[in-house]
Amino acid sequence: MKEKTSPIAKLYLFAVILILYAPIFYLIYYSFNSGGTMSGFESFTFDYYIEVFEDVRLITIVLNTIVIALLSALFATIIGTLGALAIHLMKKRQNTILGLNNVLIVSPDVIIGASFLILFTIAGIGLGFTSVLLSHIAFSIPIVVLMVLPKLAEMNPSLIDAARDLGASRFDVFTKVIIPYINPGIFAGFFMALTYSLDDFAVTFFVTGNGFSTLSVEIYSMARRGISLHINALSTLLFLVTLLLVAIYYILSQRGALKIGGFRR
Amino acid sequence: MNHKFIRNLYAVPYVIWILLFVIAPIILVLYYSFFDIHGNFSLVNYERFFTPVYLKLTLDSFWYAFLITFFSLIVAYPTAYLLTKTRHKQLWLLLIIVPSWINLLLKAYAFMGIFGTYGAANNFLEFIGIGAKQILFTDFSFVFVSVYIFIPFMILPIFNALNNINPALIEAANDLGASKFMTFRRVIFPLTLDGVKTGCQVVFIPSLSLFMLTRLIAGNRVITLGTAIEQHFLVTQDWGMGATISVFLFLIMFIIVRFTGIGKRGA
Numbered sequence: 264m265k266e267k268t269s270p271i272a273k274l275y276l277f278a279v280i281l282i283l284y285a286p287i288f289y290l291i292y293y294s295f296n297s298g299g300t301m302s303g304f305e306s307f308t309f310d311y312y313i314e315v316f317e318d319v320r321l322i323t324i325v326l327n328t329i330v331i332a333l334l335s336a337l338f339a340t341i342i343g344t345l346g347a348l349a350i351h352l353m354k355k356r357q358n359t360i361l362g363l364n365n366v367l368i369v370s371p372d373v374i375i376g377a378s379f380l381i382l383f384t385i386a387g388i389g390l391g392f393t394s395v396l397l398s399h400i401a402f403s404i405p406i407v408v409l410m411v412l413p414k415l416a417e418m419n420p421s422l423i424d425a426a427r428d429l430g431a432s433r434f435d436v437f438t439k440v441i442i443p444y445i446n447p448g449i450f451a452g453f454f455m456a457l458t459y460s461l462d463d464f465a466v467t468f469f470v471t472g473n474g475f476s477t478l479s480v481e482i483y484s485m486a487r488r489g490i491s492l493h494i495n496a497l498s499t500l501l502f503l504v505t506l507l508l509v510a511i512y513y514i515l516s517q518r519g520a521l522k523i524g525g526f527r528r
Numbered sequence: 004m005n006h007k008f009i010r011n012l013y014a015v016p017y018v019i020w021i022l023l024f025v026i027a028p029i030i031l032v033l034y035y036s037f038f039d040i041h042g043n044f045s046l047v048n049y050e051r052f053f054t055p056v057y058l059k060l061t062l063d064s065f066w067y068a069f070l071i072t073f074f075s076l077i078v079a080y081p082t083a084y085l086l087t088k089t090r091h092k093q094l095w096l097l098l099i100i101v102p103s104w105i106n107l108l109l110k111a112y113a114f115m116g117i118f119g120t121y122g123a124a125n126n127f128l129e130f131i132g133i134g135a136k137q138i139l140f141t142d143f144s145f146v147f148v149s150v151y152i153f154i155p156f157m158i159l160p161i162f163n164a165l166n167n168i169n170p171a172l173i174e175a176a177n178d179l180g181a182s183k184f185m186t187f188r189r190v191i192f193p194l195t196l197d198g199v200k201t202g203c204q205v206v207f208i209p210s211l212s213l214f215m216l217t218r219l220i221a222g223n224r225v226i227t228l229g230t231a232i233e234q235h236f237l238v239t240q241d242w243g244m245g246a247t248i249s250v251f252l253f254l255i256m257f258i259i260v261r262f263t264g265i266g267k268r269g270a
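Protein chains in written order, with our numbering: chain A, 264 to 528; chain B, 4 to 270.
Right under this line is the structure:
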């Protein structure tokens, strides 16, 4: 009974997708411009890419960003999964805890950044790697919880009873029954935490000191100084990495392990 | 240390996280809002918030957030609707979501080029005979870029809501003689209202606090609540005032979440 989409409808959809991608391809196109500006293409050059690869500072920042993302996603996944388990096993006050859990998801980035800045200052934690890592762990935990909880909810409790009856210890039940069952949720949570961390600008901007920087903060300060095709070359590379991640994510989701998601803080 | 405590040991990191990174920050922000710039306890920040300068700022902020949400919805709803009609809808949806995974700063930076004096937008305006205009650093550019950034986040929950509609309901409406428009107005739209609410929530709240866009695209012309907080915390170092604005932003957020409901988000 599916009706055919009209040409106007197709055109509209096509236009929206075109507009969504146009700025990204605009950046990529001018990254090859020897003219040095984002207007009037002079001639083709790879200079900016070479510059990016020769910029030790920038490469350090890229590495920092990746290390922070991986570490924070890892810690957030562990703490979040245990938290989801705790919430799942709770008899009462589940909604209160869930409410607290979601505070950091709905709060505007600026408030999270500002309040963490106060927190770190009072706690005497110097601004830099540690403060950025702690913040990223902190704002990624709730999303992991939200990804793992539904998996726990759909798990049949008799599975655990059966394992217990067959003589499995508490630890065995956890590692051999529960974890394998909720694994897709854990993986999705890890992936979301990773993208949160890589994407974050506002929170990092508040809690990073002078000596430490992530890619988003660096791009911001470069962009405030004006247009430099350096950034364009960098964005091409990042776009390729993003596509790679998307491809991996899509393949995994096709296997039925994950649902395409787009949670946003 | 009783037995029950040891059994619940695994929950400890999560509880610590709630105490340290959810509850403590809220209390600290509230606490700081009662101190003036010299560190004396006072209500001066609250008095200042209710002066015309800050009230106008709050209203402006709301107005921009409203515009951004409104235009995002106008573009996103038909897109989501058409997406559900395509054959490989999950693949098309992915295509829409991919741009949201590109770093926000890069997208803002791209628009600095496109809207620049010699950028693509002005070339186009020249070409159709209107002539070059100042586009960057205007209200228009701020709203446009924000809408651009938020569209995928608006599409996703609406798409999910549309996708969950039981087709039998639409068939029933058809069989009972409802016109296409009638079916949409009486059946489809009410059923997607939750998706629309979620979409509005995930667009409206962040757009109150977009300080990086106001700096890069609006060139300090637009000042939102977020810009003001950033300014107080990182530039003028008046943490008390920054905290006070944060308290109000937090309250606003709380009210909006209450209105639109939580827990029924995208994905």
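Every residue, glycine too, gets a C-beta built ideally from N, C-alpha and C.
When burial is assigned at 16 or more other CB atoms within 10 Å of the CB, is residue 529(A) buried or exposed?
For chain A, the structure presents residues 264 to 528; residue 529(A) sits outside this window and is missing.
Strictly under 8 Å for the Cβ-Cβ distance: is residue 342(A) near chain B by that measure?
yes
Using a Cβ distance threshold of 8 Å, determine whether the segment 313–331 of chain A contacts the segment 433–449 of chain A, with at least three qualifying pairs required.
no
Counting contacts by CB-CB distance shorter than 8 Å, is residue 172(B) in contact with chain A?
Chain A contact via Cβ: absent.
Rounded to a whole number of angstroms, what is the C-alpha to C-alpha distance between residue 475(A) and residue 392(A)?
C-alpha separation (whole angstroms): 6 Å.
Considering only C-alpha positions, which residue in the set 348(A), 457(A) and 479(A) is nearest to residue 466(A)?
479(A)
Buried versus exposed, by CB contacts within 10 Å (16 or more), residue 206(B)
buried
Please list the terminal residues of the continuous alpha helix (DSSP H) segment that includes residue 359(A).
According to the DSSP assignment, residue 359(A) belongs to the alpha helix (DSSP H) that extends over 357–369.
If we count Cβ pairs, one from each stretch, closer than 8 Å, do we get three or more for the segment 340–354 of chain A versus the segment 400–420 of chain A?
yes
Own chain residues within Cβ distance below 6 Å of residue 63(B), not counting five before or after
none
Check whether residue 187(B) and residue 75(B) have beta carbons under 8 Å apart:
no
I'd like to know if residue 192(B) contacts chain A, where contact means its C-beta is closer than 8 Å to some C-beta of that chain.
It does not: the Cβ of residue 192(B) has no partner Cβ on chain A nearer than 8 Å.
Exposed or buried, which one is residue 252(B) when buried takes at least 16 other CB atoms within 10 Å?
Counting Cβ neighbours within 10 Å, residue 252(B) comes out buried, since at least 16 surround it.
Note down, in chain order, each residue of its chain lying with its Cβ closer than 6 Å to the Cβ of residue 68(B), except the 5 sequence neighbours on either side.
207, 210 and 211
Beta bridge counterpart(s) of residue 307(A) as assigned by DSSP:
296(A)
Rank 48(B), 45(B) and 116(B) by C-alpha distance to the C-alpha of residue 489(A) and give the top, closest one.
116(B)
Counting only beta-carbon atoms, is residue 500(A) nearer than 8 Å to chain B?
no
Just checking my contact of residue 112(B) with residue 482(A) at CB under 8 Å: how many whole Å lie between their CB atoms?
That pair is a contact at about 7 Å.
Can you give the beta carbon distance from residue 60(B) to residue 231(B), rounded, assuming they're within the 8 Å contact cut?
Right, their Cβ atoms sit about 6 Å apart.
Quick one: is residue 281(A) buried, meaning 16 or more other Cβ sit within 10 Å of its Cβ, or exposed?
exposed
Would you decide whether residue 164(B) is buried or exposed? Buried here means 16 or more other CB atoms lie within 10 Å of its CB.
buried
Integer-rounded CB distance, given that residue 369(A) should sit under 8 Å from residue 260(B)
A Cβ-Cβ distance of about 6 Å is found for the pair residue 260(B) and residue 369(A), placing them in contact under the 8 Å criterion.
For the segment 47–56 of chain B against the segment 124–135 of chain B, are there 3 or more C-beta pairs whose distance is under 8 Å?
no
Take residue 95(B) and list the residues in its own chain whose beta-carbon comes closer than 6 Å to its own, dropping the five residues that flank it on each side.
Taken in chain order, the residues that qualify are 86 and 89.
Around the C-beta of residue 453(A), are 16 or more other C-beta atoms found within 10 angstroms, so that it is buried, or is it exposed?
buried
If distances are taken between C-alpha atoms only, which option among 427(A), 386(A) and 403(A) comes closest to residue 375(A)?
403(A)
When you compare the CB positions of residue 275(A) and residue 97(B), do they come within less than 8 Å of one another, or not?
no
Roughly how many whole angstroms lie between the Cα atoms of residue 438(A) and residue 447(A)?
14 Å
Residue 44(B), DSSP secondary structure in three states:
strand
Reducing DSSP to helix, strand and coil, say where residue 2(B) ends up.
Outside the shown range of chain B, which is 4 to 270, sits residue 2(B), and nothing can be said about it.
In angstroms, rounded to a whole number, what distance separates the CA positions of residue 306(A) and residue 298(A)?
7 Å
From this set, 237(B), 257(B), 135(B) and 139(B), which residue's C-alpha is nearest residue 224(B)'s C-alpha?
139(B)
Keeping to the same chain, check which residues put their C-beta closer than 6 Å to that of residue 246(B); ignore five residues upstream and five downstream.
Excluding residues within five positions, the ones whose Cβ falls inside 6 Å are 32, 35 and 36.
Secondary structure of residue 38(B), DSSP reduced to three states:
Strand, per DSSP.
Would you tell me roughly how many angstroms separate the C-alpha atoms of residue 458(A) and residue 51(B), rounded to the nearest one?
39 Å
Going along the segment 247–265 of chain B in order, which residues come within less than 8 Å of chain A, judged by CB to CB distance?
249, 252, 253, 256, 260 and 265
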